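Encoded as structure tokens, the structure appears first; notes follow it.
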Amino acid sequence: MNTLDNPMAPRAVSPEAGRNVLAIASGKGGVGKTWFAITLSHALTRRGRKVLLFDGDLGLANIDIQLGLMPRYDLGSVVSGKMTLNQATFPAESTGFDVIAGRSGSGSLANIPPSRLQLVAEDLVLMGREYDHVLLDLGAGVEKAVRQLARAAGTILVVTSDEPTALTDAYAFIKITAIERPEVDIRVVVNAANSTREGERTYSTLLKACQGFLRIAPPLAGVVRRDTRVRESIRNQTPLLTRYPNSEAAMDVEALADRLLAG
Ligand SMILES: Nc1ncnc2c1ncn2[C@@H]1O[C@H](COP(=O)(O)OP(=O)(O)O)[C@@H](O)[C@H]1O
Ligand SMILES: [Mg+2]
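Counted the way numbering that gives the first Met the number 0 counts, the sequence shown spans residues 0 to 262.
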């Protein structure tokens, strides 16, 4: 029997991090992780890929809100043992990708025991077999629960803005991840940049710190410009690529998706 069907089934070996599981992390909150995870999922879907977006922000789950969804099931139902991840998955209607919502009827998921979180992470890797890409929207910060979920991911996109605090926190996240998992593929996304040029400068500041102190050089996945349409589309609970497909931020994420698929 597949462990997806039976959450309690014994596991011989812990599956490795999913090669097609992509975590969106940040360090600091409010840098646009959730918005970016949604928009990248949408862009990949528009390129014909089968995508699952998992809301892994255990404290402030809000993919459902940004997309205007009313999930009947969520991660809370999985953690409480009522259903499997597979069963909690549903299509985000207008976008064409699937979602596992994080909102829990019974309050925050911030206190899930590590052993249960481990099972969720392992099941997510297994779910990846049914999809071309699994995107994992992580909570802010570097605490254990965030890192534990991030372990499901073979690639981690670290999102930062140009604010010094966001940069410092992105660096802290990269540092702790690189020490724990030297093999992991870390890349940087500069979001809400005033211009592509400025975004690239922000990246090079972060890169210098990584090279100087950690002896690693995480590549730039892309720069996404600050764009008033982002807020507008979130307010309307409509994806940016549906509402304003020609906006600057939309084009930046589309280009980033192309580069990601190109390798
Ligand atoms: N490229 C952008 N341009 C303008 N505003 C943005 C951009 N990306 C994100 N935002 C704003 O940042 C806010 C926080 O985004 P969110 O995805 O909730 O962040 P996080 O998940 O990192 O906490 C959004 O409500 C949106 O208004
Ligand atoms: Mg978020």
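Virtual Cβ for every residue (Gly too), placed ideally from N, Cα, C.
Owing to the predicted nature of the structure, the values given are computational and were not obtained by experimental measurement.
Residue i classed as buried or exposed, judged by whether at least 16 other C-beta atoms fall within 10 angstroms
i      : result
PRO70  : buried
GLY80  : exposed
ASN190 : buried
ASP257 : exposed
MET0   : Any reading at MET0 must be qualified, since the residue scores a pLDDT of 39, below 50, and its modelled position is unreliable; the value itself is stated next. It is exposed - the Cβ of MET0 has fewer than 16 other Cβ atoms within 10 Å.
ILE173 : buried
LYS143 : exposed
ALA16  : buried
ARG214 : exposed
GLY138 : buried
PRO9   : Confidence at PRO9 is low in this model, with a pLDDT of 46, below 50, so its placement is unreliable and the value that follows should be read with caution. Flag for PRO9 reads exposed.
PHE212 : exposed
GLU92  : exposed
ALA120 : buried
GLU129 : exposed
ILE185 : buried
GLY198 : buried
Residue i and residue j closer than 8 Å at C-beta
i      : j      : result
GLN147 : LEU118 : no
LEU125 : GLY55  : no
ALA60  : GLY101 : yes
LEU205 : VAL183 : no
LEU166 : THR159 : yes
ALA208 : LEU259 : no
ILE23  : LEU156 : yes
LEU66  : PRO238 : yes
GLY140 : VAL133 : no
ILE62  : LEU52  : yes
Where residue i sits in the DSSP three-state scheme
i      : result
PHE96  : coil
ALA220 : strand
VAL20  : strand
ALA60  : coil
ARG102 : coil
ARG258 : helix
ARG234 : helix
GLY198 : helix
VAL78  : helix
THR33  : helix
GLY127 : helix
Ligand 1 heavy atom lying under 7 Å from the CB of residue i
i      : result
ASN235 : no
ASN245 : no
GLY95  : no
VAL183 : no
GLY28  : yes
ASN193 : no
ALA171 : no
SER25  : yes
Cβ-heavy atom distance, residue i to ligand 2, below 7 Å
i      : result
ASN61  : yes
LYS32  : yes
ASP136 : yes
ASP56  : yes
Beta carbon proximity, residue i to chain D, threshold 8 Å
i      : result
ALA144 : As a matter of chain content, chain D is missing from the structure shown, which is built from one protein chain.
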